[in-house]
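Each remark here refers to the structure printed beneath this line.
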Amino acid sequence: MKVRQIGAVLAASVLTLGLAACGDSANDSDSGSGGDASGGTGKAVKIGIKFDQPGLGLKQGEDYTGLDVDVAKYVAKELGSGEGDITWVQAPSAQRETLISTGQVDMIFATYSITDKRKETVSFAGPYFIAGQDLLVRGDDSSITGPETLTGKKLCSVTGSTSAQKVKDKYPGVQLQEFGTYSECVAALVSKGVDALTTDNTILAGYASQEQYKGKLKVVGKTFSEERYGVGIKKGDTALCEKINTALTKMVDSGDWQKAVDANLGPAGFKVDTAVNPPKPDACS
């Protein structure tokens, strides 16, 4: 009799566990179609971003922040992927084309300027933001108001960057100092080892907005190039390109694009060039 009682108890326990499991599955299904876009119940997607650019793409522990990240999350949601479905992949500038062509990422949002040369190997959706090369200076420096005022000044940029080369070509009177990273340039600027730093204005604004540099650094606000940030995808994937462009247009029309720009670039006092922003996406090809 005792054996039969124990068997009955075990059977009841198994039934209860089975019903609970079914209940959990139902709840998971509901959350997938119901509303929390941060859940991992949609389509898995691999997205390339920068890990070291404040205000654009920054990894701190398990947190990813920045304008590129916010735009990527919005697009992913429109394509059916919640935040929990995203695998973030570090996408250094020199590796972006390889990451796309080898399938290591599905999309790249990483201050990825659209150029004819790059379009030979990858396709682009967007652009979703238009930036420009600018200067970062100390907050109390009023002598540098643009690249034409750099004569005799010490200017920092990263070795081999297009930013450094543009200055060399156009402003030969500048004392250019090339470091390995922009972080090194920022440190040199704060310590007065150099007078200015040059790269995209969005990147500069990100550094200026960091807590330790607030009030100490400022972006001059006079751009001298045009950098059209696009979404890198596999060459010839026009179907995905059109879906991304639809999502980007919706982000602008809804006001979410402006909110993302203000939240990520606003703390540095960054002024968006409204003559070109928000941009309209190019036709997919």
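Count the sequence shown with mature numbering (1 follows the signal peptide of the UniProt record, and there is no 0) and you get residues -20 to -1, 1 to 265, in order.
Heads up, the beta-carbon is just placed ideally off N, CA and C, and yes, glycines get one too.
| Asked | Found |
| --- | --- |
| For Asp4, collect the residues of the same chain with a Cβ closer than 7 Å to its Cβ; drop the 5 residues on either side in sequence, then sort them by chain order. | Caution is warranted here: a pLDDT of 34 is assigned to Asp4, below 50, making its placement in the model unreliable, and the coordinate value is therefore given only provisionally. No residues qualify anywhere along the chain. |
| Relative to the C-alpha of Leu115, which residue among Glu58, Pro72, Glu222, Ala144 is closest? | Ala144 |
| If we count the other Cβ atoms within 10 Å of its Cβ and call it buried at 16 or more, is Gly60 buried or exposed? | exposed |
| Taking contact to mean at least 3 C-beta pairs separated by less than 8 Å, is the segment 215 to 229 in contact with the segment 156 to 164? | no |
| I want to know whether the segment 24 to 44 touches the segment 181 to 201 - three or more CB-CB distances under 8 Å. | yes |
| Using 8 Å as the threshold, is the C-beta distance between Val51 and Ala240 below it? | yes |
| Do the CB positions of Ile66 and Gly210 come within less than 8 Å of each other? | no |
| Give the C-beta separation of residue 296 and Ile224 to the nearest angstrom, bearing in mind that I take them to be a contact with Cβ-Cβ under 8 Å. | This structure does not reach residue 296, given that the chain is present from -20 up to 265, and the question cannot be answered. |
| Anyone know if the C-beta pair for Leu245 and Leu79 falls short of 8 Å? | no |
| Give me the DSSP bridge partner(s) of Ile183. | Per DSSP, none; premise fails for Ile183. |
| According to DSSP, simplified to helix, strand and coil, what is Leu130? | coil |
| Among the candidates Ser189, Thr45, Gln40, whose CA atom is the shortest distance from the CA of Arg118? | Ser189 |
| Buried or exposed: which applies to Ala255, given that a residue is buried once 16 or more other Cβ atoms fall within 10 Å of its Cβ? | exposed |
| Among the candidates Lys97, Val25, Asp120, Gln40, whose CA atom is the shortest distance from the CA of residue 266? | The chain is shown from -20 up to 265; residue 266 falls before or after that span and cannot be answered. |
| Any contact between the segment 196 to 215 and the segment 122 to 132? By contact I mean 3 or more CB pairs, one from each, below 8 Å. | yes |
| Would you kindly check if the distance between the Cβ of Gly106 and the Cβ of Pro261 is under 8 Å? | yes |
| Mapping DSSP to helix, strand and coil, what is Asp233? | helix |
| Could you tell me the distance, in whole angstroms, from the CA atom of Ile110 to the CA atom of Ser81? | 25 Å |
| Which residues does DSSP pair with Ile88 in a beta bridge? | Gly28, Gly212 |
| Thinking Leu135 and Asp175 are a contact (beta carbons under 8 Å), I'd like their distance in whole angstroms, please. | 7 Å |
| Express the C-alpha separation of Lys133 and Gln155 in angstroms, rounding to a whole number. | 6 Å |
| Could you tell me which of Phe250, Lys150, Lys39, Ser234 sits nearest to Thr131, measuring between CA atoms? | Lys150 |
| On the CB-based measure, 16 or more other CB atoms within 10 Å of its CB, does Thr139 come out buried or exposed? | exposed |
| Out of Glu58, Gln192, Glu77, Ser122, which has the shortest C-alpha to C-alpha gap to Lys230? | Glu58 |
| Sorry if obvious, but does the Cβ on Ala24 come closer than 7 Å to a heavy atom of the ligand HEM? | Inclusion of the ligand HEM in the displayed structure is not the case, the ligand content being empty and no account of it being possible. |
| Would DSSP call Gly246 helix, strand or coil? | helix |
| What residue does the alpha helix (DSSP H) around Lys53 start on, and which one ends it? | 47 to 58 |
| DSSP three-state call for Gly112: helix, strand or coil? | coil |
| With a 10 Å radius around its C-beta and 16 neighbouring C-beta atoms as the bar for buried, classify Gly64 as buried or exposed. | exposed |
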